[in-house]
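Take a look at the structure set out below.
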Amino acid sequence: MAWFFANDDLTTEYYTITGEDASHIARSLRMKIGEALTLCTPDGRRHECEIAEITRDDVIVRILRSTECEQEPDVRVNLFIALMKGDKIDDVVQKAVELGAGEITPFLSARCISRPDEKSMSKKLARWQKIADNAASQSRRGVIPRVNPCVSLRDIPDIVKDKDMSVVFYECGGEKLGSLIRGKLGTLALITGSEGGFEQEEIDYLTDHGVKVATLGKRILRAQTAPVAALCAAMLLTGNLE
Numbered sequence: 082m083a084w085f086f087a088n089d090d091l092t093t094e095y096y097t098i099t100g101e102d103a104s105h106i107a108r109s110l111r112m113k114i115g116e117a118l119t120l121c122t123p124d125g126r127r128h129e130c131e132i133a134e135i136t137r138d139d140v141i142v143r144i145l146r147s148t149e150c151e152q153e154p155d156v157r158v159n160l161f162i163a164l165m166k167g168d169k170i171d172d173v174v175q176k177a178v179e180l181g182a183g184e185i186t187p188f189l190s191a192r193c194i195s196r197p198d199e200k201s202m203s204k205k206l207a208r209w210q211k212i213a214d215n216a217a218s219q220s221r222r223g224v225i226p227r228v229n230p231c232v233s234l235r236d237i238p239d240i241v242k243d244k245d246m247s248v249v250f251y252e253c254g255g256e257k258l259g260s261l262i263r264g265k266l267g268t269l270a271l272i273t274g275s276e277g278g279f280e281q282e283e284i285d286y287l288t289d290h291g292v293k294v295a296t297l298g299k300r301i302l303r304a305q306t307a308p309v310a311a312l313c314a315a316m317l318l319t320g321n322l323e
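When we follow our numbering, the leftmost residue of the sequence shown carries the number 82, and every step to the right adds one.
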């Protein structure tokens with residue numbers, strides 16, 4: 082079934098889909114009046130709809146039934162990914178959305194090789210958000226995770242201060258994630274480094290602000306592998322991959 086996202090909560094019987102989604106429905110999918118599609122809304126609800134009208138620019142659908150969206154994990158994870166060379170983060174964003182990340186925040190640490198200027202960073206963020214949009218639709222998410230603006234590592238403690246738990250994964254060792262995550266969590270922050278890893282001073286700074294240090298095992302994972310592995314492990318431990 083075609084799967085799309087509305088920008089607003091649905092309060093009426095009909096809803097008008099515009100822009101790229103409308104073009105995709107009418108021209109790419111070649112859907113017809115009477116065919117079914119799903120709309121998910123920011124309030125976490127899933128709406129089964131049928132196409133009522135197709136115009137040159139819009140697709141109007143009629144809402145047939147609405148339910149709570151069951152696809153979303155019960156833990157909201159903010160995945161912090163250190164900037165990497167090239168297009169490595171593209172795949173990380175895609176896989177993170179498929180696995181259930183609630184939001185993704187790129188950040189700069191001391192050993193990041195990639196340091197794009199403001200214009201390049203703006204283009205990267207737009208591309209990553211587009212990847213997140215597509216991955217959310219493909220994996221039947223209930224919401225589209227947001228890719229946040231890039232921050233500095235030193236900004237992270239203030240961003241995560243209200244999380245139930247925050248964990249940084251350090252290549253030089255730490256606690257097993259299973260000993261830190263026991264049972265349900267409402268909110269969780271996961272932090273992984275760049276190709277060069279973290280400096281000890283950075284780890285000390287994060288732990289001084291309440292962030293836990295964890296390991297992903299005895300093997301050294303690539304920078305683009307670590308966030309996917311960390312998120313997968315966290316989802317399993319919180320009961321969201323059962």
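Glycine included, each C-beta is placed from N, C-alpha and C at the ideal position.
Using DSSP's beta-bridge definition, name the partner residues of residue i.
{"i": "Trp209", "result": "Looking at the DSSP assignment, Trp209 forms no beta bridge with any residue, so it has no partner."}
{"i": "Met246", "result": "Leu269"}
{"i": "Thr119", "result": "Trp84 and Glu129"}
Run the CB neighbour count on residue i, radius 10 Å, all protein chains shown included, and call it buried at 16 or more, exposed below.
{"i": "Thr186", "result": "buried"}
{"i": "Gly181", "result": "buried"}
{"i": "Gln305", "result": "buried"}
{"i": "Tyr251", "result": "buried"}
{"i": "Lys205", "result": "buried"}
{"i": "Thr273", "result": "buried"}
{"i": "Asp285", "result": "exposed"}
{"i": "Tyr95", "result": "exposed"}
{"i": "Glu101", "result": "exposed"}
I'd like the list of long-range same chain contacts for residue i, defined as Cβ closer than 8 Å, with 5 residues on each side in sequence excluded.
{"i": "Lys244", "result": "Asn159, Thr268, Leu269 and Ala270"}
{"i": "Leu266", "result": "Val156, Asp245, Met246 and Thr319"}
Cutting at 6 Å between CB atoms, please list the residues of its own chain near residue i, excluding the five before and the five after it.
{"i": "Gly254", "result": "Thr296"}
{"i": "Leu258", "result": "Ala295 and Ala314"}
Only counting the same chain, and skipping five residues up and downstream in sequence, which positions put a Cβ closer than 7 Å to that of residue i?
{"i": "Asp172", "result": "Gln305"}
{"i": "Leu302", "result": "Ala310"}
{"i": "Asn321", "result": "Pro154, Asp155, Val156 and Gly181"}
{"i": "Met202", "result": "Cys231"}
Those runs of the beta strand (DSSP E) which lie wholly inside the stretch 251-295 and span at least 3 residues: 268-273
Given 8 Å, three or more beta-carbon pairs between the stretch 169-185 and the stretch 301-321: yes
Whole alpha helix (DSSP H) elements within the stretch 132-218, 4-residue minimum: 169-180
At least three beta-carbon pairs within less than 8 Å, the stretch 110-122 to the stretch 160-167: no
The stretch 102-115 touching the stretch 128-145, judged by at least three CB pairs closer than 8 Å: yes
Three or more C-beta pairs below 8 Å linking the stretch 198-218 and the stretch 252-264: no
Three-pair Cβ contact test at 8 Å for the stretch 186-195 versus the stretch 223-237: yes
Touch test, the stretch 188-207 against the stretch 140-152, Cβ-Cβ under 8 Å, three pairs minimum: no
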